[in-house]
Amino acid sequence: MSHLKKYYRQYLLDFAVDSEKIGPLVAKGKQHRVHLYGTKHVIKIPRASLYMRSYGRFTAQQVQRDIDTIRELFPEISLQTQVLCGRTHPERYVLIQEYLPHAEPVNRYTVAAVHAQLHSLMRKNIQILRTQFLFLDIFGYQGFVCSLRALLPFTRSRAQLTNLLIRNFRDGDPQLVLVDTNLSHLNHAGEFRLTHRFIDFGTILVSLILYRLFFHRPQADEKQ
Ligand SMILES: Nc1ncnc2c1ncn2[C@@H]1O[C@H](COP(=O)(O)OP(=O)(O)O)[C@@H](O)[C@H]1O
Ligand SMILES: [Mg+2]
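Residue 52 in numbering that gives the first Met the number 0 sits at position 53 of the sequence shown, with consecutive numbering throughout.
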C-alpha cells in the first residue's frame, strides 16, 4: 500500500481490506482510483478531486442503492461488486469488483461485435429514463471527453465508452459488461445537490446525442 498517496492510505485504514493485496493502478476514473486487489479483483477508492467535491460525493448507501437498482434493471451487464462501509465513517465506502483483465474497450470499431447488445441496452435505458427518470451513463467521463474531441476536425481522438467493457472479445462470445456503478437520477430531486442534478441532466442529453452520432450504426467498413 506504500505506493498510494497518504490521503488514500489513511482513507483505507477505516476499512476491512487487506492492504497487502492492493496492487498497481489499473485506471483512474473521474470518481474512483481503480487498483488491482489480489489477482482476481479490483478495488475502487473514491477520489478526493475538486470535481468530486463540487459534484457532491456519494455515500455508501447511495452507491449500494444504485448497484442494487442496476442489478435489477440491467442484470445482463452487471458485474459482481461489493460495497465495503467504513468502520468509523459508515457513509464512506470502497468497492471490490471482479477484475476483467482482457476486456476490450467499446469504440467505433469493436462495437460491431456487440452492436445488438448495445442497441437493446440503449432501448431499455431510454425506456427506463421515460418511466423511472433514471439513466445509465454508458460513456463515463473519459469516454465523454474522447467522444466530444472526436467531433473536432483533424483529430486523432476516437469515440469511446469507458463505463462498458467487452468481455470474451477474442473468444467469439463477446459480452458487454458494466464496470461503473452509478446511475444518473432525474428523480430524487431534493436528495442531491443542484450541481449534481445539473451534471446528470447534461450527461443524459449529451450521451443520447453522442450515442446517436457514433454508436447507433456500427462502422464495419472502417479498420481498427
Ligand atoms: N473490473 C474492472 N476490470 C478491469 N478494468 C476496470 C474494472 N473496473 C474499472 N476498470 C477500468 O477503470 C476505468 C474506470 O472505472 P469506473 O468504475 O468507471 O470508474 P469511475 O467510477 O471513476 O468512473 C474503466 O474505464 C476501466 O478501464
Ligand atoms: Mg466510470
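The beta-carbon is built from N, C-alpha and C at its ideal position, and this holds for glycine as well.
Subject >> Rounded C-alpha distance that separates E221 from I137 >> reply: Note that E221 scores a pLDDT of 48, beneath 50, so its modelled location is shaky; the value from the coordinates is reported in the next line. Computed Cα separation, rounded: 22 Å.
Original post:
Just the Cα atoms here: how many angstroms apart are Y6 and S18?
Top reply: 14 Å
**OP:** Using beta-carbon positions only, say whether F168 and E103 come within less than 7 Å of one another.
**Re:** yes
**OP:** When you get a sec, list the residues whose CB is within less than 5 Å of any heavy atom of ligand 2, chain order please.
**Re:** G28, G139, N162, D179
**OP:** Consider the C-beta atom of Q96 and the heavy atoms of ligand 1; say whether any pair is separated by less than 6 Å.
**Re:** yes
**OP:** Measure from the alpha carbon of Y92 to the alpha carbon of each residue in Y10, L193, D67, then state which is nearest.
**Re:** Y10
Original post:
What are the boundary residues of the beta strand (DSSP E) that includes L133?
Top reply: 133-135
Original post:
With 16 as the cutoff for other CB atoms within 10 Å, does F197 come out buried or exposed?
Top reply: exposed
Subject >> Where V93 falls: helix, strand or coil (DSSP) >> reply: strand
Subject >> Cutoff 7 Å; reference Q223; Cβ partners in own chain excluding five residues on either side >> reply: Note that Q223 scores a pLDDT of 45, beneath 50, so its modelled location is shaky and nothing firm can be said.
Subject >> Candidates F132, D13, V33, G201, of which the one nearest H88 by Cα >> reply: D13
**OP:** Could you tell me whether the segment 110-126 touches the segment 167-186, using the rule of 3 or more Cβ pairs below 8 Å?
**Re:** yes
**OP:** Tell me whether the beta-carbon of V33 lies closer than 7 Å to the beta-carbon of A26.
**Re:** yes
Original post:
Going by alpha carbons, who is nearest to V39 out of R148, H101, Q126?
Top reply: Looking at the sequence provided, one finds Lys at residue 39 rather than Val. It is H101.
**OP:** With distances taken Cα to Cα, identify the nearest neighbour of Q182 among V41, R8, V105, I127.
**Re:** First, the amino acid is wrong: residue 182 is Leu here, not Gln. Nearest of V41, R8, V105, I127 to L182, Cα basis: I127.
Subject >> Helix, strand or coil at E75 according to DSSP, with G and I counted as helix >> reply: coil
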